[in-house]
Amino acid sequence: MHRGKGMKFVGDSRIKANHKMPNVPKDYSEYPGKTEAFWPNFLLKEWMVGAVFLIAYLLLTVAHPSPLEGPADPTRAYVPLPDWYFLFMYQLLKYSYASGPYNVIGAIVIPGLAFGALLLMPFLDKGPERRPSKRPLPTAFMLLTLAAMFYLTWESVVNHDWEAQKAMGAIVEEVDVDIDESLPGFAIWNGDTGEQAKTCIGCHAADLNGGPAAPKLLGNELTAEEVEDIIHNGRGNMPGGQFQGTDEEAKQLAEFIASLKAKE
17 MHRGKGMKFV GDSRIKANHK MPNVPKDYSE YPGKTEAFWP NFLLKEWMVG AVFLIAYLLL
77 TVAHPSPLEG PADPTRAYVP LPDWYFLFMY QLLKYSYASG PYNVIGAIVI PGLAFGALLL
137 MPFLDKGPER RPSKRPLPTA FMLLTLAAMF YLTWESVVNH DWEAQKAMGA IVEEVDVDID
197 ESLPGFAIWN GDTGEQAKTC IGCHAADLNG GPAAPKLLGN ELTAEEVEDI IHNGRGNMPG
257 GQFQGTDEEA KQLAEFIASL KAKE
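Per the numbering used here, residue 17 is the first one in the sequence shown, and the count goes up by one each step.
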C-alpha cells in the first residue's frame with residue numbers, strides 16, 4: 017500500500033476515503049417489536065414503571081408506617097434485633113458451633129465461604145448452557161443457599177419472643193411525678209446504703225420507667241403496705257425474697273415507691 021493511498025487528511029485525523037457506514041436503518045420500522053429508540057420510547061417506559069413502584073412504596077409507607085421505639089436508655093434491658101433480611105445470620109449466631117468462642121465461624125467463616133462461592137461462579141461455570149438442568153453446579157449452590165436462608169429466617173421468626181421485643185422498645189408515656197429525694201427510700205433505691213437495690217434497678221430501670229419484665233413505678237397507685245408486701249412476697253414475674261435489706265429498709269423503700277404518684 018502506497019503512502020497516503022486510499023486516505024485523505026482531515027485536520028489531524030486520517031479517514032479512509034472509501035469508508036462506508038454500516039447499514040443502519042433510517043428508522044426502527046424495519047424491526048417491529050424487536051427494537052426501539054432509547055429516547056424517548058424506552059426511557060419513557062422505564063420512567064412509567066419506576067413511577068408505579070414509587071407510588072406503591074409511598075402507599076405502603078402511609079398504610080404501614082415505620083415502627084418507632086422509645087429513646088435509647090442504658091438503664092433498660094434491650095436486645096437489638098436486625099431487619100428481616102439479616103435474620104438468617106442472626107439465627108446462625110445462636111448455634112453453639114457459630115457463637116461464643118466460635119463466633120468467628122458464624123460471623124466471618126461461613127458467610128465468607130458463601131460469598132466466595134458466589135464470586136467464583138463465573139470461573140466455575142463457563143459453559144454456554146443457560147437452562148438450570150444443564151448447569152448442575154451453580155444450580156445446586158443456588159438452591160442450597162436459598163434453602164439455608166429460608167430455614168434460618170423461619171427458625172429466627174418462630175423462636176423469637178416478639179411480645180417481649182415490643183415491650184422492650186415501647187414508647188413509655190411520660191408521667192409528671194415529683195420524686196422526693198429526701199426520703200430514706202430514695203437512697204436505698206439508688207444503692208447508696210448497700211447492694212440490695214441492684215435487683216430492683218435491673219428490672220424496673222434506674223429511671224423507674226420499668227422494662228420488658230417489670231412495670232414502671234412512676235405514677236403507680238399502690239399503697240406503702242401493698243408495695244412492702246410485694247417486696248417480700250413478690251407478684252407476677254417478680255419472685256419473693258429478692259430484697260436483701262432489713263425490714264426497716266423494706267418499709268422505707270415501700271414508702272418511697274408509694275410516693276411516686278402522678279400529679280393531679
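Ideal Cβ positions, reconstructed from N, Cα and C, are used throughout, including at glycine.
Given the structure is predicted, the values throughout are model-derived calculations rather than measurements.
Using only the alpha-carbon positions, how far apart do residue i and residue j sit?
i	j	result
Leu-75	Val-68	11 Å
Ile-273	Gly-218	16 Å
Gly-226	Tyr-94	12 Å
Ser-149	Thr-155	8 Å
Phe-104	Asp-177	16 Å
Leu-233	Cys-216	11 Å
Ala-114	Met-165	16 Å
Trp-63	Phe-54	12 Å
Arg-146	Thr-161	19 Å
Asp-135	Gly-66	Looking at the sequence provided, one finds Leu at residue 135 rather than Asp. C-alpha separation (whole angstroms): 30 Å.
Tyr-118	Ala-133	22 Å
Whole-angstrom Cβ separation of residue i and residue j, contact assumed at under 8 Å?
i	j	result
Gly-235	Val-193	6 Å
Leu-276	Leu-199	The Cβ separation is near 10 Å, so there is no contact.
Glu-85	Ile-187	7 Å
Glu-265	Ile-204	5 Å
Around the Cβ of residue i, are there at least 16 other Cβ atoms within 10 angstroms (buried) or fewer (exposed)?
i	result
Phe-139	exposed
Gly-257	exposed
Glu-271	buried
Gln-260	exposed
Gly-128	exposed
Thr-262	exposed
Can the beta-carbon of residue i be found closer than 7 Å to that of residue j?
i	j	result
Gln-181	Leu-97	yes
**Prompt:** For the stretch 241-251 against the stretch 153-171, are there 3 or more C-beta pairs whose distance is under 8 Å?
**Reply:** no
**Prompt:** Is the stretch 98-109 in contact with the stretch 121-139, if contact means three or more CB pairs nearer than 8 Å?
**Reply:** yes
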